[in-house]
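Report on the following structure.
2 protein chains.
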Amino acid sequence: MAQVQRMSRLMVKTLRDDPADAETLNHKLLVRAGYVRRTAAGIWTWLPLGKKVYENVARVVREEMDAIGGQEVLLPALLPKEPYEASGRYEEYGDLLFRLKDRKGSDYLLGPTHEEIFTQVVKDQCSSYKDLPVILYQIQTKYRDEARPRAGVLRGREFQMKDSYSFDASDEGLAEAYALHRAAYQRIFERLGLDYRIVSAVSGAMGGSASEEFLAPAPAGEDTFVDCPECDYAANTEAVTFALKPVSTDGHAAVEELDTPDTPTIETLAEHLGVPASATLKNLLVKVDGEIVAVGVPGDREVDLGKLGEHLAPAEVELVTAEDFVGRDDLVRGYVGPQGLEKVRYIADPRVAPGTSWITGANKADKHARNVVCGRDFEVDDYVDVVVVEAGDPCPACGAGLKLDRAIEIGHIFQLGRKYADTFQLDVLGQNGKPVRVTMGSYGIGVSRAVAALVEQTADEQGLCWSKEIAPADVHIVAAGKAVQTELALDVAEQLGAAGVRVLVDDRAGVSPGVKFTDAELIGVPTILVAGRRSADGVVELKDRRSGEREELSVADAIARLTA
Amino acid sequence: MAQVQRMSRLMVKTLRDDPADAETLNHKLLVRAGYVRRTAAGIWTWLPLGKKVYENVARVVREEMDAIGGQEVLLPALLPKEPYEASGRYEEYGDLLFRLKDRKGSDYLLGPTHEEIFTQVVKDQCSSYKDLPVILYQIQTKYRDEARPRAGVLRGREFQMKDSYSFDASDEGLAEAYALHRAAYQRIFERLGLDYRIVSAVSGAMGGSASEEFLAPAPAGEDTFVDCPECDYAANTEAVTFALKPVSTDGHAAVEELDTPDTPTIETLAEHLGVPASATLKNLLVKVDGEIVAVGVPGDREVDLGKLGEHLAPAEVELVTAEDFVGRDDLVRGYVGPQGLEKVRYIADPRVAPGTSWITGANKADKHARNVVCGRDFEVDDYVDVVVVEAGDPCPACGAGLKLDRAIEIGHIFQLGRKYADTFQLDVLGQNGKPVRVTMGSYGIGVSRAVAALVEQTADEQGLCWSKEIAPADVHIVAAGKAVQTELALDVAEQLGAAGVRVLVDDRAGVSPGVKFTDAELIGVPTILVAGRRSADGVVELKDRRSGEREELSVADAIARLTA
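Line order of the protein sequences matches chains A and B. Letter by letter, the first sequence follows residues 1 to 564 of the working numbering. Letter by letter, the second sequence follows residues 1 to 564 of the working numbering.
Shown next as structure tokens:
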């Protein structure tokens with residue numbers, strides 16, 4: 001790349017207005033600043049400035065992957081169907097997969113990720129435990145036929161990703177490769193200047209360390225996560241746990257039956273009794289593999305059927321219908337309470353702890369009961385975190401009220417284990433001469449998405465605002481317009497360029513200083529140098545793009561500062 | 001990239017035998033040396049060593065494109081159908097195009113080249129003559145569904161190409177952009193170490209400089225071209241011209257009719273008369289837009305119908321059939337001669353020059369004539385180079401006998417003109433305030449193909465043999481096996497690496513010295529350093545991979561040599 005890029009020769013057309021259909025900052029600003037251009041829905045062209053930023057992100061990723069011993073390869077994007085059929089993903093991906101046929105009618109797909117092909121490569125190249133461990137990576141174009149491609153380059157149908165895969169002969173080796181990636185990702189996102197959180201991607205049941213996501217908080221994000229304002233706890237909403245805290249069952253009044261006509265819902269009941277919904281116990285009936293099961297949560301909370309299903313998997317969870325009550329006199333619809341529900345398995349959220357007292361159904365039409373105490377009047381068969389997490393729920397680490405935030409998933413690390421090795425019978429000869437099944441990890445960073453996330457987190461009202469490592473140039477020199485100013489600007493640009501500073505110099509003729517300043521703010525290079533009013537005296541102005549701080553300096557001082 | 005790569009940690013598996021289906025050097029050796037692996041027919045994976053070589057070629061291309069002011073961009077590979085329908089190429093490409101539908105049923109294609117999309121980009125980004133000239137390029141994955149993908153990475157269905165496009169407001173601008181590309185391509189191929197020729201891609205009729213190909217002579221090549229052994233003339237076989245050299249028509253004997261029963265072909269005639277076929281004149285009858293035309297060439301030469309068709313385009317050229325002779329008593333099939341063919345237009349090759357004398361048909365059954373002199377007994381309406389070029393034909397530049405050689409097309413530069421600008425109405429505001437239609441050039445280098453061409457031209461019986469700029473490392477250090485040797489090898493590797501030399505060090509345990517030496521030759525790094533027998537004395541051997549020359553040196557001298 002040329003160290004000095006003259007704007008008069010750069011293909012960049014800035015726009016004053018946001019594109020009509022743009023909803024997110026990265027879409028608006030990357031288009032307005034001439035970094036990207038949409039070619040089709042979710043399919044983007046990287047223009048010269050955008051390509052530089054993209055390459056800077058890719059370089060950081062590459063350097064850190066090399067530093068952990070990653071070996072760079074390049075796999076095709078056009079892939080035969082067979083390996084994906086073998087793994088089951090050809091079907092599982094459904095409409096997300098771009099499928100096509102070649103001239104002979106053979107089936108192909110455009111790769112969404114490459115676990116299958118990497119497994120085949122390693123099966124071909126590695127035969128002994130001595131050939132392992134191996135970490136392979138590529139920075140490559142991926143395809144997913146999203147139903148609603150949106151948000152600029154944040155969620156494209158064609159996009160660039162760094163995907164890497166680790167291959168080990170032992171679980172300890174996988175844990176080490178995973179830890180190497182986790183640390184490399186931390187360095188990458190720190191170098192990129194992204195604010196991020198690492199969260200467990202799945203609930204504790206699957207093993208907390210087996211899969212983590214790197215989330216960049218941003219309003220445009222599609223993921224919701226919980227974030228503790230007091231400590232460094234952060235988690236996927238599905239992964240938040242609530243500790244069971246039993247208290248004594250003593251000291252509660254006896255169960256008392258209440259006349260509650262026409263109160264089949266929590267809302268009608270709470271209103272009728274003049275109590276908060278949180279004082280009541282909601283008992284949701286579901287069918288688990290056909291058997292009716294009751295799920296108890298505080299009346300003001302919702303059941304997360306996804307979490308419940310994940311906990312009970314592989315059993316099927318369905319909601320009950322009117323027919324399920326036929327012949328079940330023990331189940332009084334709308335008036336169910338856990339006390340006396342002898343034939344039904346009772347699952348409860350940890351908030352329904354032993355010693356807590358509730359208003360709940362009395363198992364008779366139009367009747368409820370109060371002072372129904374867990375551990376005294378009913379037992380819980382199984383505690384499961386099933387409520388939908390809400391802002392203000394206690395942090396599992398420190399107890400402070402959690403925040404719910406939106407975020408962009410910028411990275412994902414995953415201990416895959418032997419799923420793909422089993423599919424393709426990937427074994428190596430072990431130290432004892434016997435075959436050992438290989439264990440794998442898979443790790444991804446959205447490179448084009450990271451650019452979008454950076455914009456979402458760092459842009460301001462004037463435009464883009466890059467960190468030094470990612471910016472398309474180090475210094476943006478604005479020649480205000482007169483000959484002496486342009487001359488000075490080009491002279492400074494040349495001196496800086498010769499010193500290895502990457503310079504963008506706005507030497508355009510016939511463009512007003514105002515437009516040049518506005519463009520400089522929009523384009524977002526970290527330092528703006530203005531050859532303006534005092535050019536004839538050899539004085540220029542330095543402006544910090546982010547803070548807006550300005551300073552007048554002699555040319556020599558400015559160059560010394562910028563080459564320091 | 002790490003400066004020191006230990007073979008013990010590199011994913012590379014060398015093979016002693018050629019892959020069963022490999023026909024070309026690059027396929028055999030790149031697979032055997034562990035550089036590439038086939039994923040599907042014509043679809044390849046670049047393994048770690050191959051990726052390094054690929055990136056080195058890409059870097060050279062990028063540097064030279066930047067040097068002529070090229071601006072790098074990245075366009076999508078998945079493209080909407082509409083722009084390619086507008087240009088007509090959606091149909092023209094036929095089966096070569098990979099076509100697919102998205103989840104909504106919209107039509108897409110995988111880009112074979114990007115003229116359409118670049119035209120749209122420039123239409124969007126450039127509005128004034130001041131925004132031009134622009135040269136845009138990308139190094140990107142391309143797709144062509146070849147009927148017979150073959151020859152390793154030489155002719156893939158998914159492959160990497162540098163394609164660039166110039167946009168100018170004037171023909172002079174286009175000529176300049178073309179000249180810049182031509183010079184950049186020369187520098188690129190020289191830096192890569194490729195032996196190449198620049199040839200006119202089309203015959204003179206279309207303007208010799210409008211399109212040129214860069215050909216790398218190699219037996220595995222799919223193109224045939226003519227090459228002068230005496231001067232630097234080289235051309236596509238279609239583009240060779242033969243100068244018309246009229247001589248005096250005086251001094252020839254009179255036309256004499258010969259009795260030649262049953263000699264309707266040149267072969268039967270030449271045998272019957274006991275003369276060489278070159279003494280006879282062959283008159284091929286064709287239909288040009290339905291009208292019969294005769295084409296005269298020496299009897300020993302073939303007519304290139306492609307050349308003839310190109311010359312007469314857009315008229316349609318067909319061969320005559322028996323029915324075309326009905327009612328044409330002037331045309332005696334098998335015995336046609338140009339003398340007295342008054343109703344038929346006569347086209348001839350320049351070899352049938354005024355003053356040459358021929359044996360040809362007498363326009364009577366079973367009769368031929370001798371001493372039929374061009375310019376005396378018949379006239380030529382139109383001279384066209386129509387014969388198929390043969391080895392030994394005179395060089396148009398120096399007259400020496402031409403050679404016919406096979407070559408790989410590694411680059412192509414093309415003055416497109418306004419075809420795509422017309423399709424997409426790409427105008428800019430001219431200096432006079434009126435719209436100017438933009439003129440374009442398109443320029444391609446096959447990056448993955450260049451790697452294949454390098455192998456075809458430079459490999460030897462031991463294996464690959466890279467030039468310094470392209471090699472995956474500068475030095476390949478072989479540790480013969482003993483502890484002292486491995487220690488020395490790693491020490492030298494570290495010193496060289498610290499000095500910026502790219503080192504591959506074979507520190508594998510349990511691999512015999514013989515296998516390591518064979519692998520080093522196969523992998524093809526330019527310099528091989530052996531820590532062998534005299535390691536304890538601090539003496540190593542340096543071997544030049546290409547020449548095979550060996551030399552024993554002290555470690556200090558070896559390091560000084562390699563870091564010089």
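Note that beta-carbon positions come from the ideal geometry of N, C-alpha and C, so glycine has one too. Computed from a predicted model, the values in this text were never measured in an experiment.
Listed in chain order, the alpha helix (DSSP H) elements of length 4 or more contained wholly in the region 464 to 548 of chain A are 483 to 498 and 513 to 523.
Secondary structure of threonine 24 of chain A (DSSP, three-state): coil. Taking 3 residues as the minimum length, the beta strand (DSSP E) runs contained wholly in the region 78 to 143 of chain B are 78 to 80, 99 to 101, 107 to 110 and 134 to 143, in order along the chain. Take the alpha-carbon of arginine 148 of chain A and the one of glutamate 222 of chain A: they are about 12 Å apart. By the neighbour-count definition (other C-beta atoms within 10 Å, threshold 16), lysine 543 of chain A is a buried residue. Three or more Cβ pairs closer than 8 Å define a contact, and the region 55 to 67 of chain B falls short of that threshold against the region 166 to 175 of chain B.
Note on geometry: alpha-carbon atoms of leucine 244 of chain B and leucine 281 of chain B lie some 16 Å from one another. Interface with chain B (8 Å Cβ-Cβ cutoff): valine 447 of chain A is excluded.
With a cut-off of 8 Å on Cβ pairs, the region 446 to 462 of chain B is in contact with the region 183 to 198 of chain B, counting three or more such pairs. Under the Cβ distance rule, glutamate 91 of chain B does not count among the residues neighbouring chain A, no pair being separated by less than 8 Å. One alpha carbon belongs to histidine 114 of chain A, the other to aspartate 145 of chain A, and they sit about 16 Å apart. Residues of the region 29 to 47 of chain A with a C-beta less than 8 Å from any C-beta of chain B: Gly34, Arg37, Thr39, Ala40, Ile43, Trp44, Thr45, Trp46 and Leu47, listed in chain order. In this structure, leucine 464 of chain B and valine 455 of chain B form a Cβ contact; the two beta carbons are roughly 6 Å apart against a cut-off of 8 Å. If you look at threonine 39 of chain A, you'll find it in the beta strand (DSSP E) that goes 36 to 40. When the alpha-carbon of asparagine 236 of chain B is set against those of B:Thr249, B:Asp304, B:Leu194 and B:Val199, the nearest one is in B:Val199. Chain-ordered listing is empty here: chain B has no CB closer than 7 Å to the CB of tyrosine 178 of chain A, the nearest sitting near 18 Å. Nearest to glutamine 71 of chain B by alpha-carbon distance, out of B:Ala239, B:Tyr137 and B:Ala483, is B:Tyr137.
Between alanine 407 of chain A and phenylalanine 225 of chain A, the C-beta gap is smaller than 8 Å, which places the two residues in contact.
Here the alpha carbons of glycine 111 of chain A and glutamine 5 of chain B stand approximately 30 Å from one another. None of the residues of the region 422 to 456 of chain B has a beta carbon lying less than 7 Å from any beta carbon of chain A.
Arginine 561 of chain A and glycine 497 of chain A have their C-alpha atoms some 14 Å from each other.
For glutamine 415 of chain A, the pairing in a beta bridge is given by DSSP as A:Gly441. With respect to chain A, the C-beta atom of arginine 144 of chain B has no partner C-beta closer than 8 Å. In the three-state reduction of the DSSP assignment, glutamate 256 of chain A falls in the strand class, which pools E and B.
Taking all protein chains shown into account, aspartate 349 of chain A has 16 or more neighbouring C-beta atoms within 10 Å of its C-beta and is therefore buried. Between threonine 14 of chain A and chain B, the shortest Cβ-Cβ separation is not below 8 Å.
A residue is called buried once 16 or more other Cβ atoms fall within 10 Å of its Cβ, and glutamine 120 of chain B is buried on that count. When beta bridges are read from the DSSP output, serine 211 of chain B appears opposite B:Phe414. Flagged as an interface residue toward chain A: threonine 141 of chain B, by a C-beta distance shorter than 8 Å. Within the region 280 to 356 of chain B, the complete alpha helix (DSSP H) runs of at least 4 residues fall at 305 to 312.
Listed as beta-bridge partners of arginine 197 of chain B by DSSP are B:Leu215. With respect to the 8 Å criterion, alanine 216 of chain B and histidine 27 of chain B are not classified as neighbours on the basis of their beta carbons. If you draw a straight line from the Cα of glycine 193 of chain A to the Cα of glutamine 160 of chain A, it comes to about 19 Å. Residue burial annotation: asparagine 363 of chain A is buried, with at least 16 other C-beta atoms found within 10 angstroms of its C-beta. Listed along chain A are Thr39, Ala40 and Ile43, each with a C-beta nearer than 8 Å to that of proline 80 of chain B. Residue state for valine 387 of chain A is assigned as strand, using DSSP reduced to three classes.
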